[in-house]
Amino acid sequence: MENIQSNFIRDKIITDMNESSDSYKIITRFPPEPNGYLHIGHAKAICLSFGLADEFGGQCHLRFDDTNPSKEEQEFVDSIKEDIQWLGWDWGSSLYYASDYFDQLYDFAIKLIQKNLAYVDDQSHETIRDQRGTLTEAGINSPFRDRSIEENEALFQKMKNGEFPDGSRVLRAKIDMTSGNINLRDPILYRIMRSTHHRTGNNWCIYPMYDFAHGQSDSIEGITHSLCTMEFEDHRPLYDWIIDALGIHHPQQIEFARLNLSHTVLSKRRLNRLVTEGYVTGWDDPRMPTLSGLRRRGYSSESIRNFCEIIGIAKRQNTVDFSLLEHCIREDLNVNAPRVMGIIDPIKVIIDNYPSPQIEYLDAVNNPMKPELGTRKLPFGKELYIERSDFEENPPSKYYRLYLGNEVRLRYAYFITCVGFDKDDTTGEITAVHCTYDPDTKGGNAPDDRKVKGTIHWVSAKESIDVNVRKYDRLFNVENPDFDDDFLSSLNPNSFIEIQNSKVEINLKDEKIGFKCQFERNGYFVIDKDTTSSRLVFNQIVALRDSWNKKINQ
RNA sequence: UGCCCGGUGGUGCAGCGGUAGCACAGGGGACUUUGAAUCCCCUGACCUAGGUUCGAGUCCUAGCCGGGCAGCCA
C-alpha cells in the first residue's frame, strides 16, 4: 500500500529544507474546531500534515481552535482525538488548544493598540456590516477609527473586565477599508461574549476571532508549514499583516483544495442536518462519510490512509469518485479478510440421493491469499441453502449456475446436478431446488477431469446460523449533492436495506463486533455493534466486483 | 465586471520548454474450486485566441469557464 506520490506542498517543503542553512525540523499542525465529527475530508488534511511531518522527521501538532465557546464541546474534542488515533497518527506530546494562548493573544492585541494598529469600535453589528462595503464597493471608515491609543487601551481593558454588555463593542485592526480583499477591511479581532468555555470556564468574556487566533497560534507553536484549505487563502494577507506588525515567527501557510466525494455531502452543516433531522441514525451511521461512520461500516484505517495518499493534493476543485474509496477497501480486505460462507438471500437445496442422516465435514480454505492461515471444517448434509440468485428457472444465455439439468460445483464440496424444483403455485416462488450429487467429486474435484462452469457457495441447513445482513448504497442519487441547494431531494431512499433471514456458516457463532470477513462471491462484511447475544448483525462493507451482474444489466 | 485561486481522458493526480503518463471507472481477452483476485490488451484529454521560441500542456497577454470572499463562524 505504499503509493507515495509527491505534490506541490511536499515539493515546497523539500525545497525549503534544502535551501535552509540551518537544518530545521518541519512542524505542521491539524487545527480542528471541536464543534463536530471528523469526516473523510478531514482525513485528507490529517494525512497530509501528519504524513509530511512523519516523512521528514518533524512533528505535527494537534491544536483545537476553540475560540468560539458557544459552539464547542468536550464531546467533540474526545471524538476528534479518537478518530485521529484510529487513523494511526500520533501527536505525541504536542496537544494544544488555542485557548491556552488567550493571555498571549490578549497581550498581542494590546501591542497592536499601542502601535496604533487596532481600535475599539462602539458601533452596532449592523452598522459595521453596512460600512464594510460590498464585493465591488469599498467600505468606509468607522468614526471611532481615530481614537487615541490611550482611550483604545482603556476601553479594551474594560471590555476584558466585563464592563460592557455582549456585542456592544469590538476590537478592530486598522488596515484598509478600501482593500479589494474584504478580510483587510478593518477586521474584527475581539468580541464580547459571555459564554462558558469548555476549558477556560468563565475566565473570559471577550474571545479572539479565529482570524486573530489562528496565525498567532501557529506562530507561537513554531509551525514551519501551515497547511490549510483554499478558503483561507484570502486570509493569509491578514495573518501576514498581524504577524509582521507583531514581529513574531512567521509560519508559511500553503493552501490546497478540499476533498469532495461523489454521492455524499461533506459540509458540516449538511452532515449535521442528516443526523438531527433523522435521515440517518447518527454520526456513525454506516452510510455517513464521517470517520466514525466509515469505521462502523467496516473501512480500515489503512484503506482510508491509502485513499488519502492516492487522491493526491492540488489546488483545483475536485470530486473524487466514490468507487475509488471502494477500490481501496477491497484492495485491503482482499488480502486480509478471512473467507466465509454466507447466504444473503437463501433458497433451500435438497440433495435427493444423499444418505439422509449423514453429516460430514469438509475442508475449506480460510484465505486463498494467505494459505498459511490453513483450513476449517464445513458441515455438509442433505439439506443446504444456496443464494437464490444462483438458481434460475429460465436461465439467460451464458448463465452457468444452477438450472434444470445443469451441473455445478458446491465450493469445497461436491458436484451437483439440478433435477427439479418445488414451486408455490399461488405466489410463483421457488421454494426448494432438487439435486443429485456425485459422491466421487468430494472436495470439488472430478476424478474424470470433467469440468463445470459454475462454482457456488452454500451452507448446511441444519448447521448454520440465522443472521441479519445490512446492505448500504450511496446516500445520494446525484454525483454532487453538496453543490445543490436542495440536497435533501436527491437522497437515495434505498441507501439502507436489512435482510432478516440470511444464513452464515456455523463457525461464525462466537465472532465479536468488529470482525471482518468475506462472504464468498458476495462481498466483505463486518459484525455491527447492534449485534446481540442471540443475533449477529452484519454490515456489508462493500460488495465484490461483479462482472456478471454488470453484463446482465447492460 | 473588486480581490484571490483554478481549468490535462468520465473522475482524481503527474508532466518543472523537447514524443502527454499513472490510478480509478469503462470495454475486450486469458486464467479460475469466489462470474472475485491476478495477468494482458483497448477506448479516451491539454478551455479559446494571440504572442515568445527551432520547439509551448508548460512562459507572456487577452478572453471564456469554474470556485472562494461581503459572520461579532471556523
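For the first sequence, my numbering gives the first residue as 585, with consecutive numbering after it.
C-beta: ideal position from N, C-alpha, C; glycine also.
Only a predicted model underlies this, so the values are computations on that prediction, with no experimental measurement involved.
- Of all alpha-carbon atoms in 998, 691, 731 and 679, the one lying nearest the alpha-carbon of residue 703 is that of 731.
- Put simply, the backbone Cα of residue 688 is about 33 Å away from that of residue 670.
- Ranked by Cα distance from residue 847, the first of 1057, 1089, 1117 and 684 is 1057.
- Taking C-beta atoms under 8 Å as the contact rule, residue 782 and residue 650 qualify, at a distance of about 7 Å.
- Annotation: the continuous beta strand (DSSP E) that includes residue 935 extends over 930–935.
- In the structure shown, the three-state DSSP call for residue 1100 is strand.
- C-alpha of residue 608 to C-alpha of residue 833: approximately 14 Å in a straight line.
- Beta-bridge partners of residue 1113 (DSSP): none assigned.
- Per the coordinates, the alpha-carbon of residue 902 lies some 46 Å from the alpha-carbon of residue 1118.
- The Cβ atoms of residue 613 and residue 805 lie closer than 8 Å to each other.
- Note on geometry: alpha-carbon atoms of residue 653 and residue 631 lie some 27 Å from one another.
- Exclusion of the five residues before and after residue 627 leaves 671, 875, 888 and 892 as the residues of its chain whose Cβ lies within less than 7 Å of its Cβ.
- For residue 823, the uninterrupted alpha helix (DSSP H) segment begins and ends at 820–830.
- By the Cβ rule, the stretch 1060–1067 does not count as touching the stretch 986–993, because fewer than three pairs are nearer than 8 Å.
- Sequence-distant Cβ neighbours of residue 790 in its own chain, meaning closer than 6 Å and more than five residues away, are 743, 744, 774 and 776.
- By the neighbour-count definition (other C-beta atoms within 10 Å, threshold 16), residue 898 is an exposed residue.
- With distances taken between CA atoms, residue 1129 lies nearest to 907 out of 605, 907 and 924.
- It is roughly 42 Å from the alpha-carbon of residue 844 to the alpha-carbon of residue 729.
- Secondary structure of residue 595 (DSSP, three-state): helix.
- Contact annotation, residue 1074 with residue 1061: C-beta distance approximately 5 Å; criterion of less than 8 Å satisfied.
- Taking 4 residues as the shortest admissible run, the stretch 903–980 contains the following complete alpha helix (DSSP H) segments, listed from N- to C-terminal end: 906–920.
- Within the model, the alpha-carbon separation for residue 871 versus residue 663 is close to 18 Å.
- Assigned with DSSP and collapsed to three states, residue 833 falls in coil, not helix or strand.
- Within 10 angstroms of the beta-carbon of residue 785 lie fewer than 16 other beta-carbons, which makes it exposed.
- In the displayed model, residue 1066 falls within a helix according to three-state DSSP.
- The continuous alpha helix (DSSP H) containing residue 626 extends over residues 624–639.
- The beta-carbon distance between residue 1001 and residue 1020, rounded to whole angstroms, is 5 Å. This is short enough to meet the 8 Å contact definition.
- Burial is judged here by how many other beta carbons sit within 10 angstroms of a residue's own beta carbon; residue 713 has fewer than 16 and is exposed.
- A straight line joining the alpha-carbon of residue 1050 with that of residue 1087 spans about 5 Å.
- Secondary structure within the stretch 779–822: the alpha helix (DSSP H) runs of 4 or more consecutive residues, fully enclosed, are 794–804 (chain order).
- Under the three-state reduction of DSSP output, residue 699 falls in the coil class, being neither helix nor strand.
- Cβ neighbours of residue 966 within its own chain (closer than 7 Å, five residues either side excluded): 934, 935, 938 and 940.
- When DSSP states are grouped into helix, strand and coil, residue 1016 belongs to the strand group.
- For residue 850 and residue 873, the gap between their C-alpha atoms comes out near 7 Å.
- The beta-bridge partner set that DSSP reports for residue 865 is empty.
- Between residue 1040 and residue 974, the gap from beta carbon to beta carbon is short of 8 Å.
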